[in-house]
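**Student:**
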């Protein structure tokens, strides 16, 4: 008989590759006399040594999987300890962790225990206990298991704050190769259903304020980066399509951590976190900065530059739009200046209504000029130390090597200036 | 060269602002706790006057805005050197230029106020997450914190909304004060470390603390270690009261 301690160890370990931990976006209110509330902006309760936050109790119901996906630690063919929680055990953990302010809520996922329907039913049992027996109003993120009955998905949506279906791999070909038990259609079906439910619920709540919430924090998905051969362009196009078709709240990217020895998988020494970072930057540009996927990458250059962020690369390819006058440019234009973010734009827009801004003002307001100085003017003046041409700007923006001195090598490292090659 | 000294309450600060508003010789405002005698400055004691404080309070609400009042309150809670005098300067500026001056982030005084506000609200957001309760009696929880700023009064709404069915005591170790609250009521009382230790010694080892410590270790992906990022998000000074990093 496994103790709860052992189960927690096994099932938290199996859940750690799920990226999402956000607890934001829900408008669920606390209720007098019962436990829990959701915070609109989300709250992080701790940070682990890998720099990721602990917001939700992220855990699997079970890791006894009947599928055999190449990239997954819990796959059927791996010989490792298996464990399955009872619904009551998860409820006790959640409530007691929550009362001590360790967590913001529960993120419950599971390996496929027998059939998708059975697994989904187990997950729903946990959430029903939490919501209906314990009157828990905290945040709950639930995995919708692909292939489960639409009625079960619907039920889950009525109870959880957020649902997610993992798309796992960026193309159907990779999915067939690495996760033969999973079908693209089975993944997209619940996504479409949840999307429809959210739209319908939004309309209902406009008419009837008290109609019950359905997935108030929206749905998300996740894909693994670097386990299959797709280019950044393919990934970005897929991401953009997912945002448009299903109005996802987030698409998460997870750098592939080599956990299994498998001939179908690439040999990596470390997870491709740099690539993951560039994809996230592009994701933000699409969601908050008004960029379209095809503006950031194209067929000729299908991958992001390791040395320069996507916004800088876009800007040096469109220097005809620069320099922009900070005191006159509209919001959309300001958002496209490298080094200036959504908050910075907001500050500029309010402050310049009172008086025209100078570079000193920008500095005082906490707007970084490190990258933006090459692309802007303040009251007609520029402080850019270099000419407004791609090569000069990229040379100035090139990341500095850690030390000015180095051990010379007969076979030197490849040069850093890949951004220039793109422009050549 | 005059320095106004008040008793450290918000009403006291508003009274000091009332007294110092016209007096251009005032160059500093501070509290009794923070006051350092100075050869050049002439100290003047401010006696907290509820009527004067109320006048300032309501004047800010009607002539300026609730937002301005909020800014002053956050600046007061920051308890940083210079924060009290900055409040007076801010008030003078707002009354002179009108409420719309709040938009002028390029102005050093406005910027100073926003920076204080940012520091306090950021720490508040962090503390909402980093606070760790221990159950000292059934449904009675104790947390110890040591925040840079005086957070106890602004933690109340969050804690009451979230834990409306439990009684809580949040002990501020730096200021020797505690926030005692349940779903309906809240009060701030003087408190000491010995009293807190007494409460803690009575309770037995918590099984869930053990489980959470294990969870914290397990959920980490060692291949992606990034201590720098962890430090940015969770500075060392908060860790000593968090069970998972003790």
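Residue numbers (my numbering), protein chains in the order written: chain A, 226 to 649; chain B, 33 to 278. Where is the CB? At the ideal position from N, CA and C, for every residue including glycine. As the structure is a prediction and not an experimental result, all values here were calculated from the model.
With 9 Å as the limit, tell me which residues of the stretch 266 to 281 of chain A have their beta carbon closer than that to any beta carbon of chain B; keep them in chain order.
**Tutor:** Under the 9 Å Cβ criterion, the stretch 266 to 281 of chain A contributes 266, 268, 269, 270, 271, 272, 273, 274, 275, 276, 277, 278, 279, 280.
**Student:** Comparing C-alpha positions only, which one of A/227, A/252, A/237 sits nearest to residue 435 of chain A?
**Tutor:** It is A/252 whose Cα lies nearest to the Cα of residue 435 of chain A.
**Student:** Can you list the beta strand (DSSP E) stretches of 3 or more residues lying completely in the stretch 412 to 459 of chain A, in chain order?
**Tutor:** Taking only runs of at least 3 residues, the beta strand (DSSP E) segments lying wholly in the stretch 412 to 459 of chain A are 444 to 450.
**Student:** Going along the chain, which residues of the stretch 193 to 223 of chain B sit with their C-beta nearer than 8 Å to a C-beta in chain A?
**Tutor:** Cβ contacts with chain A: 193, 194, 195, 196, 197, 198, 215.
**Student:** Give the range of the alpha helix (DSSP H) segment to which residue 226 of chain B is assigned.
**Tutor:** Taken as a continuous stretch (DSSP letters only), the alpha helix (DSSP H) holding residue 226 of chain B covers 225 to 234.
**Student:** Of all Cβ atoms in chain A, is any one closer than 7 Å to the Cβ of residue 258 of chain B?
**Tutor:** Taking Cβ atoms only, chain A reaches closer than 7 Å to residue 258 of chain B, which makes this a yes.
**Student:** What residues in its chain sit with their C-beta under 8 Å from that of residue 477 of chain A, if we drop five residues either side in the sequence?
**Tutor:** Around residue 477 of chain A: 244, 245, 445, 446, 447, 448.
**Student:** Determine whether the Cβ of residue 83 of chain B lies closer than 7 Å to any Cβ atom of chain A.
**Tutor:** By this cut-off, residue 83 of chain B is not an interface position.
**Student:** Does the beta carbon of residue 432 of chain A fall short of 6 Å from some heavy atom of the ligand PLP?
**Tutor:** The model on display carries no ligand, and the ligand PLP is accordingly not part of it.
**Student:** Could you check which residue in B/234, B/206, B/237, B/236 has the C-alpha nearest to that of residue 223 of chain B?
**Tutor:** Residue B/206 is the option with its Cα nearest to residue 223 of chain B.
**Student:** Beta strand (DSSP E) containing residue 58 of chain B: first to last residue?
**Tutor:** Run containing residue 58 of chain B: 58 to 63, per the beta strand (DSSP E) assignment.
**Student:** Let me confirm a value: residue 250 of chain A is counted as buried when at least 16 other C-beta atoms fall within 10 Å, else exposed. Which label applies?
**Tutor:** Its Cβ being crowded by 16 or more others within 10 Å, residue 250 of chain A is buried.
**Student:** Going by DSSP in three states, residue 368 of chain A sits in which element: helix, strand or coil?
**Tutor:** Residue state, collapsed to three classes: strand.
**Student:** Expressed to the nearest angstrom, what Euclidean distance is found between the alpha-carbon atoms of residue 233 of chain A and residue 248 of chain B?
**Tutor:** C-alpha separation (whole angstroms): 11 Å.
**Student:** Kindly indicate the opening and closing residues of the beta strand (DSSP E) around residue 169 of chain B.
**Tutor:** Start and end: 166 to 169.
**Student:** Quick one: list the residues of chain A neighbouring residue 274 of chain B, beta-carbon separation under 8 Å, in chain order.
**Tutor:** Simply 271.
**Student:** Please report the residue range of the beta strand (DSSP E) in which residue 174 of chain B lies.
**Tutor:** Element bounds for residue 174 of chain B: 172 to 177.
**Student:** So which of A/403, A/505, A/440 has the shortest CA-CA distance to residue 416 of chain A?
**Tutor:** Per the Cα distances, A/440.
**Student:** Give me the residue from A/377, A/301, A/395, A/368 with the minimum Cα distance to residue 386 of chain A.
**Tutor:** Answer by Cα proximity: A/368.
**Student:** I'd like to know if the stretch 459 to 468 of chain A and the stretch 508 to 526 of chain A are in contact, where contact means that at least 3 CB-CB pairs between them fall below 8 Å.
**Tutor:** A contact exists between the stretch 459 to 468 of chain A and the stretch 508 to 526 of chain A.
**Student:** Starting from the C-beta of residue 82 of chain B, find all residues in its chain whose C-beta is less than 7 Å away, skip the five residues before and the five after it, and write them out in chain order.
**Tutor:** Around residue 82 of chain B: 43.
**Student:** What are the residues of the stretch 452 to 481 of chain A that lie near chain B, defined by any Cβ-Cβ distance shorter than 8 Å?
**Tutor:** If the cut-off is 8 Å between Cβ atoms, the stretch 452 to 481 of chain A has 480 near chain B.
**Student:** So with CB distances below 7 Å, who are the chain D contacts of residue 528 of chain A?
**Tutor:** As a matter of chain content, chain D is missing from the structure shown, whose protein chains are A and B.
**Student:** Do residue 111 of chain B and residue 181 of chain B have their beta-carbon atoms positioned less than 7 Å apart in this structure?
**Tutor:** The answer is yes: Cβ separation under 7 Å.
**Student:** Which residues of the stretch 561 to 581 of chain A have a Cβ closer than 9 Å to any Cβ of chain B? Give them in chain order.
**Tutor:** Answer in chain order: 572, 573, 575, 576, 577, 578, 579, 580.
**Student:** Within its chain, find whatever has a CB closer than 6 Å to the CB of residue 183 of chain B; leave out the 5 residues flanking it on each side and keep chain order.
**Tutor:** 156, 159.
**Student:** Could you tell me the distance, in whole angstroms, from the CA atom of residue 287 of chain A to the CA atom of residue 622 of chain A?
**Tutor:** Approximately 48 Å between the Cα atoms of the pair.
**Student:** I need the straight-line Cα distance from residue 148 of chain B to residue 313 of chain A, nearest angstrom please.
**Tutor:** Using only the alpha carbons, I get a separation of about 46 Å.
**Student:** If you draw a straight line from the alpha carbon of residue 394 of chain A to that of residue 298 of chain A, how long is it in whole angstroms?
**Tutor:** Rounded to the nearest angstrom, the two C-alpha atoms are 16 Å apart.
**Student:** When DSSP labels each residue in this structure, what does residue 475 of chain A get in the three-state scheme?
**Tutor:** Strand, per DSSP.
**Student:** Below 9 Å between beta carbons is the criterion; list the residues of the stretch 158 to 187 of chain B that meet it against any residue of chain A, in chain order.
**Tutor:** Correct list: 158, 160, 161, 162, 163, 164, 165, 166, 167, 171, 173, 175.
**Student:** Can you pull the DSSP bridge partners for residue 222 of chain B?
**Tutor:** In the DSSP output, where bridge partners are listed per residue, residue 222 of chain B has B/209.
**Student:** Within 10 angstroms of its Cβ, does residue 358 of chain A collect 16 or more other Cβ (buried), or is it exposed?
**Tutor:** Exposed, because fewer than 16 other Cβ atoms sit within 10 Å of the Cβ of residue 358 of chain A.
**Student:** Ordered along the chain, which non-local residues of its own chain (more than five positions away) have a Cβ less than 6 Å from that of residue 332 of chain A?
**Tutor:** Cβ neighbours of residue 332 of chain A beyond the five flanking positions: 281, 283, 366.
**Student:** Give me the DSSP bridge partner(s) of residue 204 of chain B.
**Tutor:** Note: residue 204 of chain B sits in a beta bridge opposite B/177, B/209.
**Student:** What does the alpha-carbon distance come out to for the pair residue 220 of chain B and residue 353 of chain A?
**Tutor:** So the two alpha carbons sit approximately 38 Å from each other.
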